[in-house]
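S.K.:
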Amino acid sequence: LKSLDYISMMMMVLSLLMMMHRSILVLVLSLLLVSSPSSSVSAYSGSSLRGSTPNNVVTASSKRRSLLTNILQQPMMILATATVTATATALPRRALAETATIDDPLVDIYFGVGCYWHIQHEFIEAERRILHRTNDHDLTARTGYAGGKKRGSEGRVCYHNYQGLADYGKLGHAEVVGLTIPESTLKAFSHVYFDTLFDATTGDRVDPQDKGAEYRSLIGLPGGVNHPLYADAVAAVGAANGFTLEVGKGNEPDTLGKGKLVNIYDTNQFPFHQAEVYMQFRDDFQSPAYGKEYNSIVELALEDGKIIGQGCPDTY
87 LKSLDYISMM
97 MMVLSLLMMM
107 HRSILVLVLS
117 LLLVSSPSSS
127 VSAYSGSSLR
137 GSTPNNVVTA
147 SSKRRSLLTN
157 ILQQPMMILA
167 TATVTATATA
177 LPRRALAETA
187 TIDDPLVDIY
197 FGVGCYWHIQ
207 HEFIEAERRI
217 LHRTNDHDLT
227 ARTGYAGGKK
237 RGSEGRVCYH
247 NYQGLADYGK
257 LGHAEVVGLT
267 IPESTLKAFS
277 HVYFDTLFDA
287 TTGDRVDPQD
297 KGAEYRSLIG
307 LPGGVNHPLY
317 ADAVAAVGAA
327 NGFTLEVGKG
337 NEPDTLGKGK
347 LVNIYDTNQF
357 PFHQAEVYMQ
367 FRDDFQSPAY
377 GKEYNSIVEL
387 ALEDGKIIGQ
397 GCPDTY
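For the sequence shown, the positions run 87 to 402 when the numbering used here is used.
(1) State the start and end residues of the unbroken beta strand (DSSP E) segment that holds F197.
(2) How long is the line joining the alpha carbons of P399 and N247, rounded to whole angstroms?
(3) Should A72 and H359 be called a contact, given that it needs their Cβ atoms to be closer than 8 Å?
(4) Quick check on the DSSP output: what are the complete alpha helix (DSSP H) runs of length 4 or more inside the region 370-394, in order along the chain?
(5) Can you find the residues in the same chain that come closer than 8 Å, C-beta to C-beta, to G328, ignoring five residues on each side of it along the sequence?
(6) Determine, using beta carbons only, whether V193 and L307 come nearer to each other than 8 Å.
(7) Roughly how many whole angstroms lie between the Cα atoms of L225 and R219?
(8) For the candidate residues P339, I195, I393 and F209, whose alpha-carbon lies nearest to that of K297?
(9) For A361, count neighbouring C-beta atoms within 10 Å of its own C-beta (all shown protein chains included) and say buried if the count is 16 or more, exposed if not.
(10) So, helix, strand or coil for G324, using DSSP?
(11) Can you tell me which of the three DSSP states A54 falls into?
(12) For T401 and V263, I'd like the C-alpha separation in whole angstroms.
(13) I'd like to know if the region 202-211 and the region 389-398 are in contact, where contact means that at least 3 CB-CB pairs between them fall below 8 Å.
(14) Which residue from A174, K256, G255 and D281 puts its Cα closest to that of E240?
(15) Where does E338 sit, in a helix, a strand or coil, going by DSSP?
(16) Tell me the residue span of the alpha helix (DSSP H) that contains T52.
(17) Short of 6 Å in beta carbon distance, which residues of its chain neighbour L265, apart from the five on each side in sequence? Order them along the chain.
(18) Taking 8 Å as the cut-off, does the region 319-337 touch the region 374-381 (at least 3 CB pairs, one atom from each stretch)?
(19) Cutting at 6 Å between CB atoms, please list the residues of its own chain near V237, excluding the five before and the five after it.
(20) Would you kindly report the start and end of the unbroken beta strand (DSSP E) that includes R228?
(21) Sort out for me which residues DSSP pairs E261 with in a bridge.
(22) Out of I205, D189, I267 and Y245, point me to the one whose CA is closest to L217's CA.
(23) Excluding five sequence neighbours on each side, which residues of the same chain lie with their C-beta closer than 7 Å to the C-beta of A321?
(24) Does the Cβ of V333 have 16 or more other Cβ atoms within 10 Å, making it buried, or fewer, making it exposed?
(25) Quick check on V292: does DSSP put it in helix, strand or coil?
(26) By the three-class DSSP mapping on this structure, what secondary structure does I188 have?
(27) Strictly by DSSP, which residues pair up with T266?
(28) Under 8 Å between the Cβ atoms of G198 and R368?
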């Protein structure tokens, strides 16, 4: 009996220690999360109102509560810290369904033409159709900024905000959608861009109401016009659609009304900067609402580390 009493007592002590350990862990994590006011970690279920704060934004506070709840519900948990970064971002290759080969490596590219919300949806659909990425965890299209000569403090590039922090427009950047694809499919994705994302009558972007250099037409790929596949996979497709392609030198003006002009950037010189989390997988002005299933892809991308906080304000 004494042995059983001793074992019971030890089990109680061990349980108390585990509870104390978890309580301390939760307290420390709470302090860390609350003390990070600039991290853009908001998620949302989509909104068609771009000029005002969305009503259905899930705030950073609710994300923190959810994270703490998950900790309390699990007996043990390994915490991995996600670095909030504002530097040029590339997708983790291990997250993709395709296996890169020497003959067909994966390549990071970006496309821009008007508001990036509509463009993101179209390239998500292209990934599903062309690459058969039927698992939403494999999708890579993300909204972002590129084409500017400067970055803000700590390398930030942010959407317009009341603080005026690293405003992408003032820094010379445009709205783009970045994605990672097998190099052999570059031509197919160029067709998506040139064949479907411009007004068939005017040759301009489909949302001319958005005016300014932030909405100019541009393409970015490693090496720019010197990429080995550029002539056949990009230039030829653009020429067949009547477009003029010019080397991007950074901070170009709007291409609207310029006669089907597209700037071509070398991503080594003008890298992709991921947009804020709340700017991902949104509804747009061109189409009916895409639905909650599409809007919720942001949650999967957050879980997979394909999008992360950029240190920008949470709302605009």
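Note that the Cβ used here is the ideal one computed from N, Cα and C, for glycine as well.
M.R.: So, from the data block:
(1) From DSSP, the beta strand (DSSP E) with F197 extends over L192 to G198.
(2) Near 7 Å, if we compare the C-alpha coordinates of N247 and P399.
(3) Since the first residue shown for the chain is 87 and the last is 402, residue 72 is missing from the structure and cannot be characterised.
(4) The region 370-394 is shown to contain whole alpha helix (DSSP H) runs of 4 or more residues at 378-381 and 383-390, in chain order.
(5) Hits under 8 Å: G289 and K346.
(6) Contact flag set, yes.
(7) Cα to Cα, the separation comes out at about 6 Å.
(8) Comparing Cα positions, the closest option is P339.
(9) Per the 10 Å Cβ criterion, buried.
(10) Helix at G324.
(11) Residue 54 lies beyond the residue range present for the chain, which begins at 87 and ends at 402; the question has no answer from this structure.
(12) If you take the alpha carbons of T401 and V263, they lie about 20 Å apart.
(13) Counting Cβ pairs under 8 Å, fewer than three are found: no touch.
(14) Selected option, being the one with the closest Cα: A174.
(15) Of the three classes helix, strand and coil, the one that applies to E338 here is coil, per DSSP.
(16) Given a span of 87 to 402 for the chain in the structure shown, any question on residue 52 remains unanswerable.
(17) Residues of the same chain with a CB within less than 6 Å of the CB of L265, apart from the 5 flanking positions on each side, are F209, T226 and A227 in chain order.
(18) A contact between stretches requires three or more CB pairs, one per stretch, nearer than 8 Å, and the region 374-381 fails this requirement with the region 319-337.
(19) Note that residue 237 is Arg in the sequence shown here, rather than Val. V243, listed in sequence order.
(20) Residues R228 to A232.
(21) E261 pairs with Y231.
(22) Checking every option, the nearest Cα to that of L217 belongs to I267.
(23) L331, listed in sequence order.
(24) So V333 ends up on the exposed side.
(25) Reduced to three states, the DSSP call for V292 is coil.
(26) In the displayed model, I188 falls within coil according to three-state DSSP, outside both helix and strand.
(27) T266 pairs with D194.
(28) No, these two residues do not count as a Cβ contact at 8 Å.
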